[in-house]
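Read through the structure below, which is laid out as structure tokens, and then see the notes.
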Amino acid sequence: QKALRPPAAVWFSFGDYRPYLKLVRQHGAAGTRVIVQVQTVQEAIDAQQDGVDVIVLQGTESGGHGAQRVRPLLSFIPEVVEALQERNKANGLKVPAILAAGGISIHSQWRAVQSLGASGVVIGTGFMPTFESPGPQHAKARILNAGDGGDSTVRTRIFDELRDFGWPEGYDGRVIRNLVTDREEEDMKTRGVDRTGTKEDWNRAVKDQDLDFIPLWAGTGVGLLKKQMSAAE
């Protein structure tokens, strides 16, 4: 019976979600909320037009995949809020709840984005090193020891290429720097499709879960994570 319960919310991100939005509205429960993550002002405007319940603004600070051409939350949030409020005044379109995602690890950051117009935050990297997280302890330790998030993380497409994962152009991912990003990225670009040696390292690293070669997706907020805590903390 639990499997038959409608979800409390459905989250969309990247690409055209509209065909799936139609399915949710046709077959979902009346109380199912629709959340859409966006990377541009126009995407936020489109989501407002579609009548979604929550818009998540993903800044360049975010760990994991996101748009290559995306701004920091400091300018992204107020520009989106202004655009949506203008459409509310002109056309009566409801302004969805706005959540901020990207590099947010501590409470003072929540207060900061709230002052810019966000209603809440989405935390990813901050939960990764918690006691409850199912991730391996050596990955948690690397996050807690990363330090300066602007220097210890980098946006790259190299791991998608290594694992032959078909992310379209225009998207990359933020990871904690490792041997691949620091020593081989430029060399791999010059070698084009010939990555035989690196592929061998990749296959071994995946088997061994060697974080010197495989990605540990993390946002710029890693520099604010100093010790292992519970998720509640």
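So for the sequence shown, the numbering used here puts the first residue at 1074; every next one is plus one. From the three backbone atoms N, C-alpha and C, an ideal C-beta is built for every residue, glycine too.
I'd like the span of the beta strand (DSSP E) that includes residue i, first residue to last.
| i | result |
| --- | --- |
| Leu1289 | No beta strand (DSSP E) holds Leu1289; DSSP gives it neither H nor E. |
| Ala1219 | Note, Ala1219: premise wrong, no beta strand (DSSP E); not H, not E. |
| Ala1173 | Ala1170 to Ala1174 |
| Gln1228 | At residue 1228 the sequence reads Arg, which differs from the Gln that was named. Residues Thr1226 to Thr1229. |
Compute the Euclidean distance between the alpha carbons of residue i and residue j, then round it to the nearest angstrom.
| i | j | result |
| --- | --- | --- |
| Gly1104 | Arg1078 | 12 Å |
| Trp1183 | Val1129 | 14 Å |
| Gln1074 | Pro1169 | Reliability fails at Gln1074, whose pLDDT of 49 lies under 50, so the model's placement of it is uncertain and the value that follows must be treated cautiously. For Gln1074 and Pro1169, the distance between alpha carbons rounds to 31 Å. |
| Val1266 | Gly1246 | Because the pLDDT at Val1266 is just 45, under 50, the model does not fix this residue reliably, and the value given afterwards should be weighed accordingly. Looking at the two C-alpha atoms, the distance is approximately 20 Å. |
| Gln1122 | Arg1256 | 45 Å |
| Glu1134 | Pro1145 | 6 Å |
| Asp1224 | Ala1102 | 45 Å |
Going by alpha carbons, who is nearest to residue i out of the options?
| i | options | result |
| --- | --- | --- |
| Gly1175 | Tyr1093, Glu1205 and Val1111 | Val1111 |
| Leu1217 | Thr1133, Gly1088, Ser1086 and Thr1293 | Thr1293 |
| Thr1113 | Ala1102, Pro1092, Tyr1093 and Ala1156 | Ala1156 |
| Ile1249 | Thr1203, Glu1234, Gly1222 and Glu1242 | Gly1222 |
In terms of DSSP beta bridges, what is residue i paired with?
| i | result |
| --- | --- |
| His1138 | Gly1246 |
| Ala1082 | Arg1106 |
| Ile1128 | Val1109 and Ile1171 |
For the alpha helix (DSSP H) containing residue i, list its first residue and its last residue.
| i | result |
| --- | --- |
| Ser1181 | His1180 to Ser1188 |
So residue i and residue j are in contact, right, with Cβ under 8 Å, and what is the actual spacing, rounded?
| i | j | result |
| --- | --- | --- |
| Val1097 | Val1109 | Between Val1109 and Val1097 the Cβ distance is about 11 Å, and since that is not below 8 Å, they are no contact. |
| Val1186 | Ala1173 | 4 Å |
| Gly1193 | Met1201 | Actually they do not touch by this definition, with Cβ atoms about 19 Å apart. |
| Gly1137 | Trp1290 | 4 Å |
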